[in-house]
Amino acid sequence: MDDFRAELTAAVDQLTEAGIEPVLLVVELTGAEDIKRAQGVASFEKFRASAAGAISAAGENCPTFGYGETRICGVLAGFARLKTFALIDRLQRALPLLAQSYDCKVTPEVDVVEYAADTGVAGFVNHLIALSRRNPDAA
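Using the numbering used here, read the sequence shown as starting at 742 and increasing by one per residue.
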């Protein structure tokens, strides 16, 4: 847990110091666990790395990190709502295509959390914990 918190804090601090409001993008890769079962841990890790790269590239090279086995988070630099919706649409089309190369069907579920200065990084962490409680298999 501390590892992802350090990455998240560093990314958020870098953006807020530059006067940019960060947005947390959370992508749940529903169905990706089938890769691990069918093809092994090495293929699953390759898929996760590829998915994280796709999320980073779509988010204009945003930092990404894993939270649980099938959840990848990215810290976006002040994306407007319309731009965020377009990003989500691209990811919902691209990630299933990426999973096809691993003979797997993935249905990405995307959630976006806006930064609140009063809760800071703790607000993002609390949101991730709340998501884990709703879907304990993901984290």
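We treat Cβ as the ideally placed atom computed from N, Cα and C, and that holds for glycine. Since the structure is predicted, the reported quantities are computational estimates derived from the model, not experimental observations.
Straight-line measurement puts the Cα of Arg778 at about 22 angstroms from the Cα of Gly794. Taking one beta carbon from each stretch, the stretch 864-875 and the stretch 795-806 have fewer than 3 pairs nearer than 8 angstroms; the two do not touch. The residues Ile776 and Tyr843, in chain order, have a CB closer than 6 angstroms to that of Phe788 in the same chain once the five nearest residues on each side in sequence are set aside. The stretch 830-845 and the stretch 749-761 do not touch, with fewer than three beta-carbon pairs separated by less than 8 angstroms. In the DSSP assignment, the residues bridged to Arg812 are Glu769.
Counting other Cβ atoms within 10 Å of its Cβ, Thr811 reaches 16 or more and is therefore classed as buried. The beta-bridge partner set that DSSP reports for Gly807 consists of Ile813. In terms of Cα proximity to Arg874, the closest of Arg831, Ala790, Gly809 and Thr825 is Gly809.
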